[in-house]
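Structure record follows, encoded as structure tokens.
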Amino acid sequence: MKKDFITRQEHRQPLRHLYGWLKSLQSTVIFMQTGAHPDDETSRMLARLSLGDGMHVVYVNAVRGQGGQNALGPERGDALGYLRSEELFEAMKVIRADIGWLAETPDDPIRDFGFSKSAEQTYEHWGKTHTLRQMVKMVRLFRPDILIPTFLDVPGQHGHHRAVTQTTLAAFDEAARADSFDDLGLPVWQVNALYLPAWGGGGGSYDDEVPPPDATHEILTGDYDPVLGGTYAQVGEWSRACHATQGMGRPVDEEERPVPLHQLRTASGTPVHSNLTEGVPETLAALAAHCNADADGSSDAGPQAATDAQQAAADALAAFPDSKAVMGALCRLQSALLTLDAHIVPAHKHRVQLKMRQVAMAASEAAALQLHFEISPTVPEIGSTAEARLSWHVADTANAPRLSATLQGSGQLDCGAFSDTGDAGRRRAMTAPLTVSAPPIDAMAGWHGIMAGPASLHAEVCLHVGDSQFVLPLCPDTIFSTKPRQTGHIAPARTLLRLGEDTGFDMQLLPDATVPAAEDAKLSLPDGWQFEAAPAASSTGMSGRVTLASDARAGHYRIHATLADEPVYTAQELAYAHIRRQTRFSRAAADIALVDTAGLDGLTIGWIDGGVDEAHHWAGQLGAQIVQLDDSDLQSGSFDGLDVLVAGVFAGGTRPVNQSMRYIRPWIEAGG
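Encoded structure:
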């Protein structure tokens, strides 16, 4: 198997990236879709609007996907949420879209807790006001002109989807109210047009009980783009294939696949029939009508800059793929945008500033910089100093653009100044020191687009081309996180006990490094529980037995640990070829389920393991004798002595269950 960096280098597509950024300069419209889970997005629609029409697309997602399945590996729960977050990041890169999260942090109550049948059930977990607050924050942050949820709020639909749709519709009004969530510190924003999907979920993953509304608008996705190498529907599937843990992505032919929309409301209250919006400046030239006059009362500079910017953007696209001609047009465009930014009214200033970000991204591709931003070590430990290294490719040594950069990050990071390494080859570099302090920075704090400022470590890179300057933010190549001082794990991580039958269990705290003394290690136990440490020959951790309180009740209990009065975290590296590597740190914990139930003592279970669940382990904890059946047992009907057969998750697809039914049926009919 090829190494990750080799594969990514081989699959670089600089011309396609340049083309995408040049297309983004042709429109000033911002389109936002909202969904509940990573992979809910309507990919072919977003691909058409972004790569075809040049709109700036934002996909706002609620949860991180902790409750999904994993077709690739053993990760479940929170670890799967980290994987699926990164899969969505890769999926949005394909269609050049930003991501907004309602669940901004790992401990946010907006979680993928499993299936629910209504928005009300979902809000019991998420909190209705909190969910609306987060959606209003996203609307005010990204300022969309068009807003649409992915699903309908109808019976039969997933409760998470229904909650997001209800919240999206409410945010259309609340984001525009000055007295609504004013603590966010963001200016109010009125979305121009609100849409619903004019397609239903019946016959697919969900069974909508109400038909979809009539279509008022339609987005065509069947046009073939020779630069992209496919139709927008096909590009959408390339994007969907990034959700590999969920098995997404399917082949589609070059044919028309329209996406029907239903216009629900407009800001004016009047239906818009011809376009998706009305009264919104859709191009740079249209911003001419939204400029302030100069101090001397003249009003020519702003409108002229808007006209010049429009022409330069068109010239840049027309010059593609001639990178030298493209760069000349981008320099003219940047100059016009600076003038326009000084004259545009505040309500539309974000459009000009977004174009500045996009023109900088285009300039980076036109110059073939192939920027790399690396941190060494990749995951620095709290209290240490790391090195940030920014490097770039010099395509034309005679006319090489000059780069400068500043290192920026959150309060835990002391960012030093970049200095040139003196490299004179085709790849130049600069480095800066980076000192890390507590608390730990989580991998989930990464950045997911260009319109909103990065939340974590990044470099502000300035590209100097002649008299023009282009500024773009750049995040590390590998997802950035910092390592806590104390790492290790508690074993076992999960324990199942029967109330009245089990009085205690053995436990170990296993640090990743030697600690000064055993007494530095402590467990946070529930009230009345006791831990008796076993004699230890070394100071590498501790082991012993936990005894339950005599009055302990059924329920879920969690035990944490500290070393030297600092919390212990467990490290988990998440690495798959289709996404960036990341290291996740979570509080080291042992979860104990104390259940009031009859046992499975005396029961012999033949288990057909599908390879992805641990239910057989818990059945054994409840007293059953577990016999793991291999393929030869199934195909020969070797079920003697078994009371029960259990097929694990995915066993129907990974094991010869269907081929063995000729033995299983008679066994059941005989009383099994």
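In our numbering, the protein residues as written are 3 to 674. We put the CB at the ideal spot given by N, CA and C, even for glycine. Since the structure is predicted, the reported quantities are computational estimates derived from the model, not experimental observations.
When DSSP states are grouped into helix, strand and coil, Met-57 belongs to the coil group. Closest option to Thr-247, judged by alpha-carbon separation, among His-13, Ala-235, Glu-92 and Gln-574: Glu-92. Cβ neighbours of Pro-658 within its own chain (closer than 7 Å, five residues either side excluded): Asp-633, Leu-636 and Gln-637.
Three or more beta-carbon pairs separated by less than 8 Å are not found between the segment 424-437 and the segment 299-311, which leaves the two stretches without contact. Cβ contact annotation for Ile-581 (same chain, cutoff 8 Å, sequence separation greater than five): Leu-85, Glu-88, Glu-89, Phe-91, Glu-92 and Cys-244, in chain order. In this structure, Glu-383 and Arg-487 form a Cβ contact; the two beta carbons are roughly 7 Å apart against a cut-off of 8 Å. Between Gly-238 and Arg-46, the beta carbon gap of about 3 Å places them in contact (Cβ cut-off 8 Å).
No residue range can be given for Asp-147, since it is assigned to no alpha helix (DSSP H) and is classified by DSSP as neither H nor E. Straight-line measurement puts the Cα of Pro-111 at about 5 Å from the Cα of Trp-128.
By the Cβ criterion, the segment 588-606 is in contact with the segment 491-508, since at least three pairs of Cβ atoms, one from each stretch, lie closer than 8 Å.
Boundaries for His-450: no beta strand (DSSP E) harbours it, and the DSSP string shows neither H nor E there. By the C-beta criterion, the segment 402-414 is judged to be in contact with the segment 441-461, since at least 3 inter-stretch pairs fall below 8 Å. Distance from the CA of Leu-392 to the CA of Arg-14, rounded to the nearest whole angstrom, comes to 18 Å. In the DSSP secondary-structure assignment, Ala-388 is bridged to Leu-436. Looking only at Leu-196, Thr-169, Ser-640 and Ala-390, the smallest Cα-Cα distance to Arg-664 is reached by Ser-640. Bounds of any beta strand (DSSP E) do not take in His-345; it lies within the alpha helix (DSSP H) bounded by 325-345. In this structure, the beta-carbon distance from Leu-266 to Leu-196 falls below 8 Å. By the C-beta criterion, the segment 613-631 is judged not to be in contact with the segment 96-116, since fewer than 3 inter-stretch pairs fall below 8 Å.
Beyond the five residues adjoining it in sequence on each side, Ser-182 comes within less than 7 Å, by CB distance, of Val-138 and Glu-176 in the same chain, given in chain order. Rounded to the nearest angstrom, the Cβ distance from His-350 to Leu-289 is 6 Å, consistent with a contact under 8 Å. Looking at the backbone, the Cα of Asp-184 and that of Thr-167 are separated by about 23 Å. The shortest C-alpha to C-alpha distance from Pro-513 to any of Tyr-571, Ala-551, Ala-287 and Leu-644 is the one to Tyr-571.
Contact annotation: the segment 134-148 touches the segment 53-66, with at least three C-beta pairs closer than 8 Å. Contact annotation: the segment 471-481 does not touch the segment 522-529, with fewer than three C-beta pairs closer than 8 Å. Ala-590 is positioned such that its CB atom lies closer than 8 Å to that of Ala-563.
The way I'd put it, the segment 15-26 doesn't touch the segment 145-159; fewer than three beta-carbon pairs between them come closer than 8 Å.
Distance from the Cα of Thr-223 is smallest, within the candidate group Ile-492, Ala-461, Asp-55 and Asp-422, for Asp-55.
Its chain contains Met-432 as the residues whose beta carbon lies nearer than 6 Å to that of Asp-422, once the 5 sequence neighbours on both sides are disregarded; these appear in chain order.
Measuring C-alpha to C-alpha distances from Phe-587 to each of Ala-316, Arg-242, Arg-50 and His-491 identifies His-491 as the nearest. An exposed status is given to Glu-126, since fewer than 16 other beta-carbon atoms sit within 10 Å of its beta-carbon. Secondary structure of Asp-593 (DSSP, three-state): strand.
About 27 Å separates the beta carbon of Asp-155 from that of Gly-451, a gap too long to meet the 8 Å contact definition. Only residues of its own chain outside the window of five on either side were considered, and among them Arg-142 have a CB closer than 7 Å to the CB of Pro-189, listed in chain order.
By DSSP's assignment, Ile-607 forms a beta bridge with Ile-628 and Val-646. Within the segment 451-539, the complete beta strand (DSSP E) runs of at least 3 residues fall at 460-467, 470-476, 490-493, 496-500, 506-513, 523-526 and 532-535. Annotated three-state conformation of Ser-366 is helix, per DSSP.
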